[in-house]
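In my numbering, the protein residues as written are -19 to 247. Idealized CB from N, CA, C, for every residue including glycine. Fair warning: this is a prediction, and the values are worked out from it, not measured in the lab. Let me begin by presenting the structure, written as structure tokens, before commenting on it.
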Amino acid sequence: MPRPLSLAALTVLEAGPVETIRIAAATGYSHVGLRPVAATPTEKHWPMLRDKTLADAIRAALAEGNIGVLDVEILRLTPQIDWDEVQATVDFAQSLGAARVLVADNDPDPARSRDSLAHMGAVAAAAGVTIALEFMPWTHAPNLATARERAQGLEGVALLVDAFHLVRSGGKAEDVAQGDPLISYLQLCDIAGPIPPMETILQEARADRLFPGEGEVDLVTLLRRLPDLPISLEVPADRLRLAGVSAQERAALAIAATRRVLEQADG
-19 MPRPLSLAAL
-9 TVLEAGPVET
1 IRIAAATGYS
11 HVGLRPVAAT
21 PTEKHWPMLR
31 DKTLADAIRA
41 ALAEGNIGVL
51 DVEILRLTPQ
61 IDWDEVQATV
71 DFAQSLGAAR
81 VLVADNDPDP
91 ARSRDSLAHM
101 GAVAAAAGVT
111 IALEFMPWTH
121 APNLATARER
131 AQGLEGVALL
141 VDAFHLVRSG
151 GKAEDVAQGD
161 PLISYLQLCD
171 IAGPIPPMET
181 ILQEARADRL
191 FPGEGEVDLV
201 TLLRRLPDLP
211 ISLEVPADRL
221 RLAGVSAQER
231 AALAIAATRR
241 VLEQADG
């Protein structure tokens, strides 16, 4: 069976959830990622958790396009967590058949962070959902080793490896253990050049990634280390968006590039 390929919300964020689903169906994806909780205070956002009409439209679009939901994002580990929002997000994921809720660590206290992650995992596990902790260089789980330490042994908790964050945190594909059972899925993109200052890393992550195969990340080794795992294509490319390349065109470019890299990995 081919790996599930999911169109991440950030790749076509201006499109909104319903249009993202339609784009995914038109360009050959099997899944989408949805973002009911905004990642930043300034990004364009659609209130999926509160707007029943929008939630119904999302379900209708998924059914029409025969598209699944790979993940829902983004919850955060912080000193003060809104547990009602956590429950609402998990319930939303469950209602759409999404197996994963993406979480970032923004809590400077490692012990409290792990306790909160354990609680999130328990909430999610009760709904048949997995919490996927994503390490990012600017968070308090900045790399694979720290994320693994945070999540190891917790019920309902797994890891997400984003190729961008792996290399920008100083890691490489060889750092990922073959078939690592703690890793639930991958986010794929590419990037080139030495690790820049953190401000530039943030800008790259949110708006300036390369399509798989265009940069210097050893994606073939990464894919071979984690065979069969689902792949979320998170490739925000403002250079193209601002040049007039449509969301659907960018989604098509991303999946075509990914299939070429997958062919190399499978070969």
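Classify residue 15 as helix, strand or coil using the three-state DSSP reduction.
coil
From the DSSP secondary-structure annotation, give me the bridge partner or partners of residue 48.
Answer is 11.
Whose C-beta lies closer than 7 Å to the C-beta of residue 115 among residues of the same chain, with five residues either side of it excluded?
121, 122, 123, 124, 126, 127, 145 and 149
I want to know whether the stretch 55 to 70 touches the stretch 36 to 46 - three or more CB-CB distances under 8 Å.
no
How is residue 167 classed by DSSP in three states: helix, strand or coil?
strand
In the DSSP assignment, find the alpha helix (DSSP H) that holds residue 235 and state where it starts and stops.
That run of the alpha helix (DSSP H) goes 227 to 246.
Mind checking which residues open and close the alpha helix (DSSP H) that includes residue 23?
Segment: none, residue 23 is in no alpha helix (DSSP H) and carries neither H nor E.
Output needed for residue 147: all residues of its chain with C-beta closer than 7 Å, excluding positions within five of it in sequence on either side, in chain order.
171 and 197
Please name the residue, chosen from 138, 228, 110 and 200, that lies closest to residue 162 on a Cα-to-Cα basis.
Just measuring C-alpha positions, the residue of 138, 228, 110 and 200 sitting nearest residue 162 is 138.
Residue 173: buried (16+ other C-beta within 10 angstroms of its C-beta) or exposed?
exposed
For residue 291, which of 188, 205, 207 and 167 has the nearest alpha-carbon?
Limits of the chain in this structure are -19 at one end and 247 at the other, which puts residue 291 out of reach.
Roughly how many whole angstroms lie between the Cα atoms of residue 178 and residue 185?
10 Å
Is the separation between the beta-carbon of residue 109 and that of residue 74 shorter than 7 Å?
A contact, by the Cβ cut-off of 7 Å.
Could you name each continuous alpha helix (DSSP H) segment of 4 residues or more that falls completely within the stretch 101 to 184, going from the start of the chain to the end?
124 to 131 and 143 to 148
Compute the Euclidean distance between the alpha carbons of residue 4 and residue 100, then round it to the nearest angstrom.
29 Å
Using 7 Å as the threshold, is the C-beta distance between residue 1 and residue 40 below it?
no
Hey, residue 68 and residue 97 are a contact pair by Cβ (cut 8 Å); roughly how many whole angstroms apart?
Rounded, the Cβ-Cβ distance is 18 Å, inconsistent with contact.
For residue -17, count the other beta carbons within 10 Å of its own beta carbon; 16 or more makes it buried, fewer makes it exposed. Which is it?
buried
Note down, one range per segment and in chain order, each alpha helix (DSSP H) of at least 4 residues found wholly within the stretch 181 to 211.
199 to 205
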